[in-house]
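**Q**
In the numbering used here, the protein residues as written are 8 to 77.
Here you go:
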């Protein structure tokens, strides 16, 4: 999957960082297995992400996506 959108939320849990991306048609959860925030991924940032989408607990999720800040 390859899409662009705006980060509308972030959270840090033990061992992972999550961001919610809105592409104008819906939202996608991005999950990085990292102990801290991911550089540049913050509310309001526009990004392009690439990775494999899966369904997890009723949410569309990409784990450890590659990304570019726009």
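Glycine included, C-beta positions come from ideal geometry on N, C-alpha and C.
1. Report buried or exposed for residue 93, applying the criterion of at least 16 other Cβ atoms within 10 angstroms of its Cβ.
2. For residue 42, count the other beta carbons within 10 Å of its own beta carbon; 16 or more makes it buried, fewer makes it exposed. Which is it?
3. So, at 6 Å on beta carbons, what are the nonlocal neighbours of residue 58 in its own chain, with the 5 sequence-adjacent residues on each side left out?
4. Using only the alpha-carbon positions, how far apart do residue 20 and residue 27 sit?
5. Between which two residues does the beta strand (DSSP E) carrying residue 44 extend?
**A** So, to answer that:
1. Lying outside 8 to 77, the shown extent of the chain, residue 93 is not represented and no answer is given.
2. Exposed, by the Cβ-count rule.
3. Within the same chain, residue 58 has close Cβ partners 69 and 72.
4. 14 Å
5. From DSSP, residue 44 is part of no beta strand (DSSP E); its letter is neither H nor E.
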